[in-house]
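Peer 1:
Protein chains: 2
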Amino acid sequence: MNLGEPQLQEAIAKRKAIWTDFADIRYLRFSDQCRDVLRGTVVVDDRVIHGYPRIGRILALGRGLSEQFSAPFWAEEKVDGYNVRICRIGGRTIAITRGGYICPFTTDRIVDFIDSSVFDKDPDLVICAEVAGPDNPYVESCPQFIDSDIELFVFDLMYLDRSGFIPHADKYRCIESYELPAVRCLGRFTTADLGKIRETLRRFNEEGREGLVFKEDTPERRCTKYVTSNSSIADIRSTAENILELPPEYFTSRILRLALFLREQGLEHSAGLDRQLGAAFLDGLLAAIAQYEQDGKAHHRFRCRFRQRDSALALLAHLSDVARHKARITRRDLRQDGEHWVLEYDRTYPSLNTLLGNLLKGGQMYD
Amino acid sequence: MNLGEPQLQEAIAKRKAIWTDFADIRYLRFSDQCRDVLRGTVVVDDRVIHGYPRIGRILALGRGLSEQFSAPFWAEEKVDGYNVRICRIGGRTIAITRGGYICPFTTDRIVDFIDSSVFDKDPDLVICAEVAGPDNPYVESCPQFIDSDIELFVFDLMYLDRSGFIPHADKYRCIESYELPAVRCLGRFTTADLGKIRETLRRFNEEGREGLVFKEDTPERRCTKYVTSNSSIADIRSTAENILELPPEYFTSRILRLALFLREQGLEHSAGLDRQLGAAFLDGLLAAIAQYEQDGKAHHRFRCRFRQRDSALALLAHLSDVARHKARITRRDLRQDGEHWVLEYDRTYPSLNTLLGNLLKGGQMYD
């Protein structure tokens, strides 16, 4: 373990590290950064899985790349899902979310995507991956190129008890030799390749892909990301049910991203794009209102499939625990389907329902 | 005066009433409500001009009207401008803004709209009106039916030292006999007239009008308002420069209004409406970015015309004082044009310019 007992005790005392349970595993979860220990860091069985660092976002591609990087960099596809770190601890393979929870869903499904023999060969390996797809329990949007269930895309490798990443060349070698499903790597570029990168993003935008993550090919490994206008619209489109929970900058930052993407690509905002943006705001909200009028509440229906029935129950308990007063989780169905269990549940945001209830009854707002 | 000295002293002690100067007039301005004295109330020369009360907004027309009213009500056109109260104090006619400032601009222009003999006949009269038009100093949006300069629309009458309004029948009589320019009154309705009211709003929406204010024809005079989808889009369209200053609910509440207007009118959101909404978000922001790149800053150019040159200078001083750190006011031009002085000035929001500067230089955002 590369964290000392005093560091852990300090984080616990400050309530930045919290003892958490998953099945029979008791682990320490950093719910916030504490000194140089990142949020999402987990300590379990005296091993440390370091948090995945935040990646800044540039909104002007050309100036951003030359401002952020002073060496060649790799460009990898950014996939719209949730971030996990996968490792083997005490003989068991677990998946940890960005926030440092062992995820009952992802942990259950790892074997569908990663051959566990990887951890026989390389026991201290930590696989950093995005999980995306329509049947995931966290994210309401998903890539257009995934039709059903989920897929897993590896984008980084670390080791237990170490906070850095495996260098890029080694990473790509490992991904190949372990046959890991990986995000698409577009290649190694310099800022002189701006035209090529811009062209890739234009194509990504047309294909409904989210964007690129850029990783400097140096030991410091500076990173930055850049998203397509399609991604900004997809984010807005998926906000209907939790629209009242969003921070003030949610819309402004996405509209700014969108405007700067158009400018970068030398595009006018076409009538088609305007229409997409307007529909992104209205489609979901009108559906939520119709749902409220029909069922007495607006909610988002989630579906995901598990190998073990118990994992589905553990996910429900986990989601209810994390949502607290902000959302209500209601199980709708849990049925066997071939070798999987299919769970359906609703996530309901009381704030939207309370407001709609008041307004549709004829109540007033003051603003 | 119907406010006691102890009430005034309490409000002053709590910093809810503030001594303010306009030319040689010293007045007490209620910057916040204090007990039952409304925000915007002004005390000058021992006379009280009571604040104009806030009017709640219904988002569901039919249910809203029957929930809010238990008697017939008047429907008046809601005009997209700023609210003033006009009265004569110490021989001088002044116009007071919603927030309780004597407005140098409106005060200067009153004579263009209201015959001062009104106050000879009725010295304690307080005229409540909306001032709207492209050449106004406060509001970035304006009604489509006003091509240039400003117009003034009376919608209520009060008396000095009294907090209630003149009853509707008397109000309409006074408006007629004093030849005051008034908002359009659509008539007296009951909740059984919902179809007619809905039809008026559909027409208003097509004509680019803002909406209706409903005023119960009872001594309690409950009021409520309802706006068209056109109004919500116009609000969004006019936010480009101060997009970062907006409270979190700014967009959500307008999109909710828009969605509920469509539902009320039994309209699907057409491709045309989606396009309008998308363009409302993007047009202004793209123009602001282009302006930043060309001039080094994004700002909104205001223009308004005065009878007196000094009034223009007083407005600039007033705006700078009120804007404080949130916006910068820069005079651009002040020239004579016939019998008026035309002032042009820019309102610049440093927050947007700082953010654009950082992003266009290639800086990162974390979210």
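Top to bottom, those sequences are chains A and B.
When we follow the numbering used here, the leftmost residue of the first sequence carries the number 1, and every step to the right adds one.
When we follow the numbering used here, the leftmost residue of the second sequence carries the number 368, and every step to the right adds one.
Every residue gets a Cβ at the ideal spot worked out from N, C-alpha and C, and that includes glycine.
Does the beta carbon of residue 569 of chain B come closer than 7 Å to any beta carbon on chain A?
Peer 2: The residue you call residue 569 of chain B lines up with position 202 of the second sequence. With 7 Å as the cut-off, residue 569 of chain B does not count as an interface residue toward chain A.
Peer 1: Using 10 angstroms around the beta-carbon of residue 267 of chain A, count the other beta-carbons present and answer buried if the total reaches 16, otherwise exposed.
Peer 2: In the first sequence, the residue the question calls residue 267 of chain A occupies position 267. Per the 10 Å Cβ criterion, exposed.
Peer 1: So residue 735 of chain B contacts chain A; which residues on that side make the cut at Cβ distance below 8 Å?
Peer 2: Examination of residue 735 of chain B is not possible in this model, given that chain B is present from 368 through 734 alone.
Peer 1: How is the beta strand (DSSP E) around residue 592 of chain B delimited, first residue to last?
Peer 2: One-based indexing of the second sequence puts residue 592 of chain B at position 225. Run containing residue 592 of chain B: 590 to 594, per the beta strand (DSSP E) assignment.
Peer 1: Apply the 10 Å Cβ neighbour rule to residue 664 of chain B and answer buried if 16 or more other Cβ atoms are within range, or exposed otherwise.
Peer 2: Counting from 1 along the second sequence, the entry for residue 664 of chain B is found at position 297. Classification for residue 664 of chain B: buried.
Peer 1: Note down, in chain order, every chain B residue with its Cβ under 9 Å from the Cβ of residue 60 of chain A.
Peer 2: Here residue 60 of chain A corresponds to residue number 60 of the first sequence, with the count starting at 1. Taking the beta carbon of residue 60 of chain A as reference, the chain B residues within 9 Å of it are 726, 727, 728, 729, 730, listed in sequence order.
Peer 1: Name the chain A residues whose beta carbon is nearer than 8 Å to that of residue 443 of chain B?
Peer 2: Within the second sequence, the letter at position 76 stands for residue 443 of chain B. What residue 443 of chain B touches in chain A: nothing, since even the nearest Cβ is about 17 Å away.
Peer 1: Can you name the residues of chain A whose CB is closer than 7 Å to the CB of residue 643 of chain B?
Peer 2: Position 276 of the second sequence, counted from the start, is the residue given in the question as residue 643 of chain B. What residue 643 of chain B touches in chain A: 278.
Peer 1: Taking C-alpha atoms, which residue in A:277, A:65, A:300 lies nearest to residue 139 of chain A?
Peer 2: The residue labelled residue 139 of chain A in the question sits at position 139 within the first sequence. Considering only A:277, A:65, A:300, the residue with the shortest C-alpha distance to residue 139 of chain A is A:300.
Peer 1: Near residue 424 of chain B, which residues of its chain fall below 6 Å by C-beta distance, leaving aside the five closest residues on each side in sequence?
Peer 2: Within the second sequence, numbered from 1, the residue matching residue 424 of chain B stands at position 57. Taken in chain order, the residues that qualify are 592.
Peer 1: My assumption, with CB atoms under 8 Å, is that residue 646 of chain B sits in contact with residue 274 of chain A. Please give the rounded CB distance.
Peer 2: Translated into the one-based positions of the second sequence, residue 646 of chain B becomes position 279. Translated into the one-based positions of the first sequence, residue 274 of chain A becomes position 274. At roughly 4 Å, the Cβ-Cβ gap stays under 8 Å, so residue 646 of chain B and residue 274 of chain A are in contact.
Peer 1: Which of helix, strand or coil does DSSP assign to residue 174 of chain A?
Peer 2: By one-based count along the first sequence, residue 174 of chain A stands at place 174. Three-state DSSP puts residue 174 of chain A in a helix.
Peer 1: State yes or no: is the C-beta of residue 448 of chain B within less than 7 Å of the C-beta of residue 407 of chain B?
Peer 2: Translated into positions along the second sequence, residue 448 of chain B becomes position 81. Translated into positions along the second sequence, residue 407 of chain B becomes position 40. Not a contact, by the Cβ cut-off of 7 Å.
Peer 1: Looking only at its own chain, which residues have a Cβ that is under 6 Å from the Cβ of residue 658 of chain B, when we skip the five neighbours before and after it?
Peer 2: Against the second sequence, residue 658 of chain B aligns to sequence position 291. The answer, listed in chain order, is 665.
Peer 1: Quick one: what does DSSP say residue 584 of chain B is sitting in, helix, strand or coil?
Peer 2: One-based indexing of the second sequence puts residue 584 of chain B at position 217. DSSP places residue 584 of chain B in coil when its eight states are reduced to three.
Peer 1: Which one or two residues does DSSP pair with residue 78 of chain A in a beta bridge?
Peer 2: Counting from 1 along the first sequence, the entry for residue 78 of chain A is found at position 78. According to DSSP, residue 78 of chain A bridges with A:211.
Peer 1: Return the first residue and the last residue of the beta strand (DSSP E) that residue 494 of chain B is part of.
Peer 2: The residue labelled residue 494 of chain B in the question sits at position 127 within the second sequence. Where residue 494 of chain B is concerned, the enclosing beta strand (DSSP E) stretches over 492 to 499.
Peer 1: Within 10 Å of its beta-carbon, does residue 206 of chain A have 16 or more other beta-carbons around it, so buried, or fewer, so exposed?
Peer 2: Residue mapping note: residue 206 of chain A aligns to position 206 of the first sequence, counting from 1. So residue 206 of chain A counts as exposed.
Peer 1: Just the chain A side, please: which residues come within less than 8 Å of residue 435 of chain B by C-beta, in chain order?
Peer 2: Start at 1 with the first residue of the second sequence, and residue 435 of chain B comes out as number 68. What residue 435 of chain B touches in chain A: 362, 364.
Peer 1: Express the C-alpha separation of residue 60 of chain A and residue 532 of chain B in angstroms, rounding to a whole number.
Peer 2: Along the second sequence, one-based indexing puts residue 532 of chain B at 165. Along the first sequence, one-based indexing puts residue 60 of chain A at 60. Roughly 55 Å separates the two Cα atoms.
Peer 1: Let me confirm a value: residue 216 of chain A is counted as buried when at least 16 other C-beta atoms fall within 10 Å, else exposed. Which label applies?
Peer 2: Numbered from its first residue, the first sequence carries residue 216 of chain A at position 216. Counting Cβ neighbours within 10 Å, residue 216 of chain A comes out buried, since at least 16 surround it.
Peer 1: Taking the continuous alpha helix (DSSP H) assigned at residue 719 of chain B, which residues delimit it?
Peer 2: Taking the first residue of the second sequence as 1, we reach residue 719 of chain B at position 352. Where residue 719 of chain B is concerned, the enclosing alpha helix (DSSP H) stretches over 717 to 727.
Peer 1: Can you tell me whether residue 192 of chain A is buried or exposed, with buried defined as 16 or more other CB within 10 angstroms of its CB?
Peer 2: Taking the first residue of the first sequence as position 1, residue 192 of chain A is located at position 192. Classification for residue 192 of chain A: exposed.
Peer 1: Counting only beta-carbon separations shorter than 7 Å, does residue 615 of chain B have a partner in chain A?
Peer 2: For the purposes of this step, residue 615 of chain B is taken as the residue at position 248 of the second sequence. Yes, residue 615 of chain B counts as interfacial toward chain A.
Peer 1: Assuming residue 153 of chain A and residue 132 of chain A form a contact by the criterion Cβ under 8 Å, report the distance between their Cβ atoms to the nearest whole angstrom.
Peer 2: Within the first sequence, the letter at position 153 stands for residue 153 of chain A. Within the first sequence, the letter at position 132 stands for residue 132 of chain A. Between residue 132 of chain A and residue 153 of chain A the Cβ distance is about 7 Å, and since that is below 8 Å, they are a contact.
Peer 1: Would you report the Cα separation of residue 335 of chain A and residue 108 of chain A, rounded to the nearest angstrom?
Peer 2: Looking up residue 335 of chain A in the first sequence gives position 335. Looking up residue 108 of chain A in the first sequence gives position 108. Approximately 16 Å, taken between the alpha carbons.
Peer 1: Beta-carbon within less than 7 Å of residue 71 of chain A's beta-carbon, same chain only, minus the 5 sequence neighbours each way: which residues are those?
Peer 2: On the first sequence, residue 71 of chain A is found 71 positions in, with the first residue counted as 1. Correct list, in chain order: 216, 217, 218.
Peer 1: Applying the criterion that 16 or more other CB atoms from any shown protein chain within 10 Å of the CB defines a buried residue, is residue 417 of chain B buried or exposed?
Peer 2: Here residue 417 of chain B corresponds to residue number 50 of the second sequence, with the count starting at 1. With 16 or more other Cβ atoms within 10 Å, it is buried.
Peer 1: Could you tell me the alpha carbon to alpha carbon distance between residue 115 of chain A and residue 609 of chain B, rounded to whole angstroms?
Peer 2: Translated into the one-based positions of the first sequence, residue 115 of chain A becomes position 115. Translated into the one-based positions of the second sequence, residue 609 of chain B becomes position 242. Here the C-alpha atom of residue 115 of chain A lies approximately 53 Å from the C-alpha atom of residue 609 of chain B.
Peer 1: Do the segment 670 to 688 of chain B and the segment 704 to 721 of chain B touch if we need at least three Cβ pairs shorter than 8 Å?
Peer 2: yes
Peer 1: Could you tell me the alpha carbon to alpha carbon distance between residue 588 of chain B and residue 529 of chain B, rounded to whole angstroms?
Peer 2: Here the question's residue 588 of chain B lines up with position 221 in the second sequence. Here the question's residue 529 of chain B lines up with position 162 in the second sequence. About 15 Å.
Peer 1: From the beta carbon of residue 589 of chain B, is the nearest beta carbon of chain A less than 7 Å away?
Peer 2: In the second sequence, counting from the first residue as 1, residue 589 of chain B sits at position 222. In terms of beta-carbon proximity, residue 589 of chain B stays away from the interface with chain A, with every pair separated by 7 Å or more.
Peer 1: Nearest to residue 605 of chain B by alpha carbon, out of B:563, B:649, B:670?
Peer 2: Counted from its first residue, the second sequence places residue 605 of chain B at position 238. Closest option to residue 605 of chain B, Cα to Cα, is B:649.
Peer 1: To the nearest angstrom, how far is the alpha carbon of residue 134 of chain A from that of residue 38 of chain A?
Peer 2: For the purposes of this step, residue 134 of chain A is taken as residue 134 along the first sequence, with counting starting at 1. For the purposes of this step, residue 38 of chain A is taken as residue 38 along the first sequence, with counting starting at 1. Using only the alpha carbons, I get a separation of about 29 Å.
Peer 1: Distance check for residue 457 of chain B and residue 235 of chain A, CA to CA, integer angstroms please.
Peer 2: Numbered from 1 along the first sequence, position 235 holds the residue referred to as residue 235 of chain A. Numbered from 1 along the second sequence, position 90 holds the residue referred to as residue 457 of chain B. Approximately 58 Å between the Cα atoms of the pair.
Peer 1: How big is the Cα-Cα spacing for residue 360 of chain A and residue 209 of chain A?
Peer 2: For this step, residue 360 of chain A is matched to residue 360 along the first sequence. For this step, residue 209 of chain A is matched to residue 209 along the first sequence. Looking at the two C-alpha atoms, the distance is approximately 38 Å.
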